[in-house]
Structure formats: C-alpha cells, structure tokens
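*Asks:*
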Amino acid sequence: MAKGDDRIRRFYFFRALTSFSLWIPFWTLWVYKNLDSLFLLTAVDTAFWATMVLVQVPAGLLGDKYGRKTVLFIGEALFAVGVLGFGFSTEFSEYFLSNIIWAIGACFIVSGDTPFVYDTLLELDRGRDFTKIMGTANAVQFLMNAIACIVGGIIVTVTDRVELTLIVASLVGLMGSFTVALLKEPKVPRAFMKSYREQLGTGVKQVIKSRAIMILILFQIVLQLGTYVMAVFRAVYLNEELNLNYLQMGLFFGAFAIVGGAVTLRASRIEARLKEKGSLIFMLVALVSSFAIVFLVRSPVAVMTQFLVYTVVGLQSPVINGYIHRLVDSSHRSTIIAIASMLFTLLVVVVELATGWIATAWGLEESLLVLACAVAPVGALLLFLWSKEVDKFARSDYDPASDGLTRKL
Numbered sequence: 017m018a019k020g021d022d023r024i025r026r027f028y029f030f031r032a033l034t035s036f037s038l039w040i041p042f043w044t045l046w047v048y049k050n051l052d053s054l055f056l057l058t059a060v061d062t063a064f065w066a067t068m069v070l071v072q073v074p075a076g077l078l079g080d081k082y083g084r085k086t087v088l089f090i091g092e093a094l095f096a097v098g099v100l101g102f103g104f105s106t107e108f109s110e111y112f113l114s115n116i117i118w119a120i121g122a123c124f125i126v127s128g129d130t131p132f133v134y135d136t137l138l139e140l141d142r143g144r145d146f147t148k149i150m151g152t153a154n155a156v157q158f159l160m161n162a163i164a165c166i167v168g169g170i171i172v173t174v175t176d177r178v179e180l181t182l183i184v185a186s187l188v189g190l191m192g193s194f195t196v197a198l199l200k201e202p203k204v205p206r207a208f209m210k211s212y213r214e215q216l217g218t219g220v221k222q223v224i225k226s227r228a229i230m231i232l233i234l235f236q237i238v239l240q241l242g243t244y245v246m247a248v249f250r251a252v253y254l255n256e257e258l259n260l261n262y263l264q265m266g267l268f269f270g271a272f273a274i275v276g277g278a279v280t281l282r283a284s285r286i287e288a289r290l291k292e293k294g295s296l297i298f299m300l301v302a303l304v305s306s307f308a309i310v311f312l313v314r315s316p317v318a319v320m321t322q323f324l325v326y327t328v329v330g331l332q333s334p335v336i337n338g339y340i341h342r343l344v345d346s347s348h349r350s351t352i353i354a355i356a357s358m359l360f361t362l363l364v365v366v367v368e369l370a371t372g373w374i375a376t377a378w379g380l381e382e383s384l385l386v387l388a389c390a391v392a393p394v395g396a397l398l399l400f401l402w403s404k405e406v407d408k409f410a411r412s413d414y415d416p417a418s419d420g421l422t423r424k425l
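Residue numbers (this note's numbering): 17 to 425.
1) Hey, residue 238 and residue 394 are a contact pair by Cβ (cut 8 Å); roughly how many whole angstroms apart?
2) So, are the CB atoms of residue 156 and residue 23 less than 8 Å apart?
3) Could you pull the start and end residues of the alpha helix (DSSP H) that residue 37 belongs to?
4) Can you tell me which of the three DSSP states residue 106 falls into?
5) Rank 339, 164 and 375 by C-alpha distance to the C-alpha of residue 405 and give the top, closest one.
6) Quick check: residue 195 and residue 36, are their CB atoms within less than 8 Å of each other?
7) Specify the secondary structure class of residue 52 as computed by DSSP and reduced to three states.
8) Would you grab the beta carbon distance between residue 361 and residue 72 for me? Rounded to a whole angstrom, and I think it's under 8 Å.
9) Hey, out of 123, 230, 79 and 179, whose CA is closest to residue 111's CA?
10) What's the C-alpha gap between residue 129 and residue 159?
11) Taking the alpha-carbon positions, what's the residue 76 to residue 38 distance?
12) Rounded to the nearest angstrom, what separates residue 375 and residue 311 at their Cα positions?
13) Any idea what DSSP makes of residue 45, helix, strand or coil?
14) Rounded C-beta distance between residue 132 and residue 74? I'm assuming under 8 Å.
15) How about residue 59 and residue 369: are their beta carbons less than 8 Å apart?
16) Can we say the region 321-331 touches the region 277-295, given the rule of at least three CB pairs closer than 8 Å?
17) Mapping DSSP to helix, strand and coil, what is residue 296?
18) Quick one: using the 10 Å Cβ neighbour count with 16 as the cut-off for buried, is residue 288 buried or exposed?
19) Counting only the same chain and skipping the five closest in sequence on each side, list residues whose C-beta sits under 6 Å from that of residue 55.
20) Rounded to whole angstroms, what's the CA-CA distance from residue 105 to residue 64? Just pull it up for me.
21) Using three-state DSSP, classify residue 261 as helix, strand or coil.
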C-alpha cells in the first residue's frame, strides 16, 4: 500500500457521496418545460456564471488562507441548497436566484477540490501521481453520476415529475457534505500574503508572466466552453430533436458517464501514450468533430457523438489541471485555479447567451456548428503557441525561470 492511500480513499468516498446527481439529464428540461425558450434557458444559466465571475476569486483566496476542507464543506452545502431551490422553481426569477446560490457553492468547491488533492499528494511526496489520482476521483464521480442518471430516469418515468430529481439529489448532497470531516487538511507550506489584494495580485502576475500557464488556461477554457454549451443543450436535443423518452435519456446519460469515467480513470495512461501535444490535439479534434456531426447527421444515430464529448470531459480535467498544478506553487494554487475559473465564466456568459440566441433563431444544430467553427481556429492557435513552449523546454539552453516557470512539464 502506497503512503497515504487511506487519505486518498477518504477523498474518493467524499467525492462519491457528493456526486449522486440525479438532475444531470433533467435540469435543463425542467427550465425548458416552464419557460419554453432556449434563449431564456441560457439566460437563466448566465446567473450562475455571472455569480461565478464575482465569487470565484474571493473563494480561491479564502481557500488559500483558511484551508481546503473549509471551502469544500461550505461549497457542497451551498451547492445542495441551490439545487433544492432550483427544484422548487417555476418562474424565471426563481431559477435566477437559485442559480446564484448554486454558483456560490460551485465556486468554493472548485477552490478546494483539486488543490486539496494536489497539496495532499505534495505532503506525501507523491506529486507526480496527481493525474492518476485525480483521474480515479473523477471516475468515481462519473460512476456515481451514471447510477444517479439511471435512477433519475426511472423516477421521472414513474412519477412524471422532472423536478423530483433536483429535490432528492439536493438532500443526498447535503448529507454528503458532512463527510468532509473525514478528510485531513494537507500540511504544505502556504505563505499567504498579508492581504487578499496582495495574494490576488501575486497570483495574477504569476499567470501573466508564465506564457505556458496562460496558454494552458486559455486552451482549457476553449474545451470547457464547448463541452458546457453541449451540456446545456444535450437534454433538449435528445428529448426534442431525437425524441428519446425519460427512461432512455437516463440510460444514455448513464452510459455517457460510464464512458467518461472509464476515460478519466485511464487519463494518466492515455496522456503518457499521447504525450502533451498529442493529448491536447486529440481533445480539440474530438470536440470539434462531435459538434460538426450533430449538424450533419440529423438522425438518432447522432446520439453517439455524446460519447465523444464525454471522452473530452473525462480527459481535460486530470490532464490539463495536472500540467497547470506542476507549474504553480502551493501558496497560490487555489488563487490561480480561481483566476482560470473566472476567465472561463466571463466568456461563458457571452458564448452561452449568443449560442442560445442562435439556437432560438436558426436551430439547435446550427448553433452547435457555429460554435464549432469558432472553437476550431482559436484552439488551433493556442495549440501552436503551446507547441512552441514545449519546444523551448526541450532546448538545453532554455531557462524556464525566465518566464516564471519553476519546473519542466
């Protein structure tokens, strides 16, 4: 048994109990059922991301100052309250307010999740195991999501009440948040600055100074924008365009999650085989291809594209976050993750609203094609810039400290 395996297993248990998300196939259908507009669906969701813009960095600062366990508990508890409110909502304003609470919880979770794992592994002198450990943690989450999606499909089929998936899941998540007590706060040096402004300023300087970190963050945002917009439209697409019933949706979402979990469980092996450049290229090509196929193939067989999307989802977090964490010191890990999340939220508000408007005006499949056409060149440019950074690392005369890097990838 490797050093600290019991601590890692406790985190897996925590992840499992807070990942029973019955609502995944149905939350957008619940909004669409009551508001009857893809644009209003995306407008409701922008409340979530606008809140993330305001709260994510302060949550990251709190995570670096007060510890990972504290922000994880706050995050999971607020997350559950937001989901519960969403389940009882029927009007735009109610969804809007519930999404704000939901988002605050998500901010704290993001600020404590991967930093907790990485700092724990640093304390155990197992930092190189991050991609493998995080891949397993994500696989646990995907497995619980898969079970929950199938159970949710059965619940909605039997009761014809989509909102029950949100209400029941929120209660399970609230109970699961208390399992944070089983975790041990990692003891690694975190020399927090005297003020939040100084801590944030140092984190921003580290991101700006390091071209490699900035490129990785921007590339991850490109992937996240594509996979998230697909996540927002997926249920409506399967139900309205492909005419799948609730039970079929639950089964398919469960299958998607199983594939995502299998991929993320093997993320370290896939990354080792494809290497840095190959991993990033594969994720971009897979995402753009899946969007294009949805537009070109107007039949139920297009459901298979979602397995490709979930492959990208399963890979991008452990692989790209692993690269980023290796370049960041523990004193600023939560802060920099928060900065990355804030950049994503700033963009997703604009992209999601624009895609929702296009989907309402032109059609859902057309909106995905437009998004693919936008993502492809931006992602390709970032890959080109990243390739140049990797080539610099390969040169013996290159000093990584010259651009703020502390170690090679």
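Backbone N, C-alpha and C fix where the C-beta goes; we use that ideal spot for every residue, glycine too.
*Replies:* Walking through what the data contain:
1) 6 Å
2) no
3) That residue, residue 37, is in no alpha helix (DSSP H); it is neither H nor E in DSSP.
4) coil
5) 339
6) no
7) coil
8) 7 Å
9) 179
10) 18 Å
11) 28 Å
12) 12 Å
13) helix
14) With a Cβ gap of about 18 Å, residue 132 and residue 74 do not count as contacting.
15) yes
16) yes
17) helix
18) exposed
19) 372, 373 and 376
20) 15 Å
21) coil
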